[in-house]
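S.K.: Structure incoming, see below.
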């Protein structure tokens with residue numbers, strides 16, 4: 037029967053991961069340290085401001101984008117609650133990670149989208165992704 041002999045896919049993948057770990061550790065460590073340095077830089081920039089100044093800047097940005105006072109008040113109250121609950125540092129770290137991940141996705145996604153719009157074969161190849 038077809039199922040009598042299983043393909044040892046798990047063993048192949050484990051061997052590949054072991055090979056990557058052994059041969060690419062320096063490369064992956066360099067990438068990880070670079071990304072970590074960038075994220076820490078964004079986190080430092082967010083925590084450098086006085087929290088009340090940053091709350092004001094974020095509220096002004098929210099009002100500039102949406103032009104709704106209800107949203108602006110909600111943003112202010114939400115960030116004041118975060119500050120009051122002593123989650124400011126953790127929130128800024130999370131916000132830095134989200135902002136950095138969004139930037140990476142845009143930097144990768146926009147050029148791929150432009151190429152896909154002009155090259156039907158490329159679009160066909162990346163469509164499942």
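In this note's numbering, the protein residues as written are 37 to 165.
From the three backbone atoms N, C-alpha and C, an ideal C-beta is built for every residue, glycine too.
Would residue 81 be called buried (16 or more neighbouring beta carbons within 10 Å of its own) or exposed?
M.R.: Exposed: under 16 other Cβ atoms inside 10 Å.
S.K.: When the Cβ atoms of the stretch 147-160 are set against those of the stretch 118-129, are three or more pairs found closer than 8 Å?
M.R.: With a cut-off of 8 Å, the stretch 118-129 and the stretch 147-160 do not count as touching, because too few Cβ pairs lie within range.
S.K.: Using the C-alpha atoms, what's the distance from residue 85 back to residue 123?
M.R.: Distance between the alpha carbons of residue 123 and residue 85 is about 15 Å.
S.K.: Give me, in chain order, the residues of the same chain whose beta-carbon lies closer than 6 Å to that of residue 95; leave out the 5 immediate sequence neighbours on both sides.
M.R.: Around residue 95: 108, 111 and 112.
S.K.: To the nearest angstrom, how far is the alpha carbon of residue 43 from that of residue 53?
M.R.: Going from the Cα of residue 43 to the Cα of residue 53 covers about 17 Å.
S.K.: In the DSSP assignment, the alpha helix (DSSP H) including residue 48 goes from what residue to what residue?
M.R.: Residues 45-84.
S.K.: Thinking residue 87 and residue 119 are a contact (beta carbons under 8 Å), I'd like their distance in whole angstroms, please.
M.R.: Going by Cβ atoms, the distance from residue 87 to residue 119 rounds to 5 Å, so yes, they are a contact pair.
S.K.: Is residue 147 helix, strand or coil by DSSP?
M.R.: DSSP places residue 147 in helix when its eight states are reduced to three.
S.K.: Cutting at 7 Å between CB atoms, please list the residues of its own chain near residue 162, excluding the five before and the five after it.
M.R.: So the qualifying residues of the chain are 148 and 152.
S.K.: Within the continuous alpha helix (DSSP H) that includes residue 102, where are the two ends?
M.R.: Per DSSP, residue 102 belongs to the alpha helix (DSSP H) from 87-102.
S.K.: Whose C-beta lies closer than 8 Å to the C-beta of residue 105 among residues of the same chain, with five residues either side of it excluded?
M.R.: Counting only Cβ-Cβ distances below 8 Å, and skipping sequence neighbours, we find 99.
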